[in-house]
Every structure is written in structure tokens, then in C-alpha cells.
Amino acid sequence: GENVEQHPSTLSVQEGDSAVIKCTYSDSASNYFPWYKQELGKRPQLIIDIRSNVGEKKDQRIAVTLNKTAKHFSLHITETQPEDSAVYFCAASSKSGNYGQNFVFGPGTRLSVLP
Amino acid sequence: NAGVTQTPKFRILKIGQSMTLQCAQDMNHNYMYWYRQDPGMGLKLIYYSVGAGITDKGEVPNGYNVSRSTTEDFPLRLELAAPSQTSVYFCASKFDTEAFFGQGTRLTVV
């Protein structure tokens, strides 16, 4: 089955700096890669996603890149702000996966943006 | 639309007790999922359903059961609660790609 690894587990940046979180996946059939943000005590919420037929996607200060050959994808946050502080989860999904198009989540990255 | 609604938000159970965590969605989504999130950890899939009347096990199903009699509802049943089931439980639903999560149920087994 699919296995998703995520690094780093914690990340501290100064406000205004960029943050990069990297994930790798194992199943070459995975074709959809979302990123979820979970603020303390809240539910995970989708912030950006990318399909396997696209190499990069941007939405204001956040972007995701995908390298299908290397089976890795990354989240990039520019001009970080204190409200970006949260836990970020990457995930991979495949229609041929074991669990009904379920997402396999990475273990998460705790991002702290220091003022 | 209310989205995905979970009840209760908090619950304390004694070892050996049973309870049902409720999950309802009003988006007519076929796919529904139950996850558990242990402190500082990611989301582990307990059970999932691809439509009414169809359920199947995820990664960590032991100690749990589910049913899906309607498209809207996907309750999770804990039988004989154990301390290892202390966790935050999230229900989620989706139609195609984006998964929508409920607000979570924080369960403590003492």
C-alpha cells in the first residue's frame, strides 16, 4: 500500500521568511496530492492540492510542486505570517488504492512563525 | 449546508463502556471516513464507506465498528472501551477530491 513520509516534523521560521515542507510517496498509482492545515484544536482544512498531470500550482502565498519521477511533492509558503502557524499534513490518494480513494496522510509538520 | 457534523465534541468513558460517535453530512457525499488522531501524530484511518450499505476496514479497525444505512450518516461504535482508544476522532466525507472534516470528538478512556 501507499506510504507517505513528511519532513521536517517541526519547522520554525521568522515572520516574512519562506517555509518548505517536503513529502515522498511510494505508490506510483497515486494521482492526487492535497495539503491540509490544522490549527490547534481545529479540524484539518484543505489549503491546496495538485493532480499528477500538473507540475506546479500556486494560490497567493502558497504553492505546491510535484515530481512524479522522484515521487515527491512539496509545499512552499512565502512571506510567512503568524497565522500560518499550524500543523500541515500532506496526503496521497489513488483510485486504485486500498481504501476507497482514501488519503494516506503524512505524519505532519508543525510550523511555527516567529514574530 | 452544515457540512460534516460530529457529536459529541467531548466524552469521558470508563474502561469497558461502549459508545457511539455520530457523524452526519448534508453534502450528499458518497465517501465517508473515520480517522483517529493521537497527540502529535497524523491521521490514521479506522473505517471507511464508499456508499450507503458498504463499509470496510481501514488501517486500525480493531475495537471499532461502523454502519452506513443512509448516505448522510456514518456512526462509529466503540465496544469495550480501552485506554488505547483515547484519541481525537475525525469523521470526513468527500465526493471526488476534497475531503471535508468534522470538528472532531475528543475521547478519553479512564
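Chains as they are written, first to last, in our numbering: chain A, 91 to 205; chain B, 2 to 111.
Ideal placement from N, C-alpha and C gives every residue a C-beta, glycine not left out.
Note that this is a predicted model, so its numbers are computed, not measured.
Beta carbon of residue i nearer than 8 Å to that of residue j
i      : j      : result
B/T106 : B/P9   : yes
B/R78  : B/A53  : no
B/Q38  : B/L44  : yes
A/A176 : A/L201 : yes
B/R12  : B/L108 : yes
A/R133 : B/G103 : yes
Option in the options with minimal Cα separation from residue i
i      : options                           : result
B/F75  : B/N29, B/L81 and B/V61            : B/N29
B/Q26  : B/W35, B/S19, B/Q18 and B/P40     : B/W35
A/F163 : A/D174, A/P172, A/Q171 and A/K147 : A/K147
A/K158 : A/E129, A/A119 and A/Q96          : A/A119
B/V51  : B/M33, B/V67 and B/V61            : B/M33
B/Y49  : B/M20, B/S94, B/E73 and B/M42     : B/S94
B/V67  : B/L108, B/N2 and B/M20            : B/M20
A/Q104 : A/N121, A/K132, A/P172 and A/T199 : A/P172
Same chain only: Cβ atoms within 7 Å of residue i, ignoring 5 sequence neighbours per side
i     : result
B/A83 : I16, G64 and V110
Limits of the unbroken beta strand (DSSP E) element including residue i
i      : result
B/A82  : B/A82 -> no beta strand (DSSP E), and no H or E assigned at all.
A/F163 : H162 to I167
A/N192 : Neither: A/N192 is in no beta strand (DSSP E) and is coded neither H nor E.
Residues near residue i by beta carbon distance below 8 Å, same chain, minus five either side
i      : result
A/A181 : V94, F123, P124, W125, Y126, F193, V194, F195 and G196
A/V144 : L156
Beta-carbon proximity list for residue i, same chain, < 6 Å, skipping 5 on both sides
i      : result
A/H166 : V110 and A153
A/S108 : T168
C-alpha distance - residue i paired with residue j, whole-angstrom precision
i      : j      : result
A/L204 : A/T100 : 13 Å
B/D97  : A/S184 : 11 Å
A/R151 : A/T170 : 8 Å
A/G131 : A/C113 : 24 Å
A/S102 : A/E129 : 15 Å
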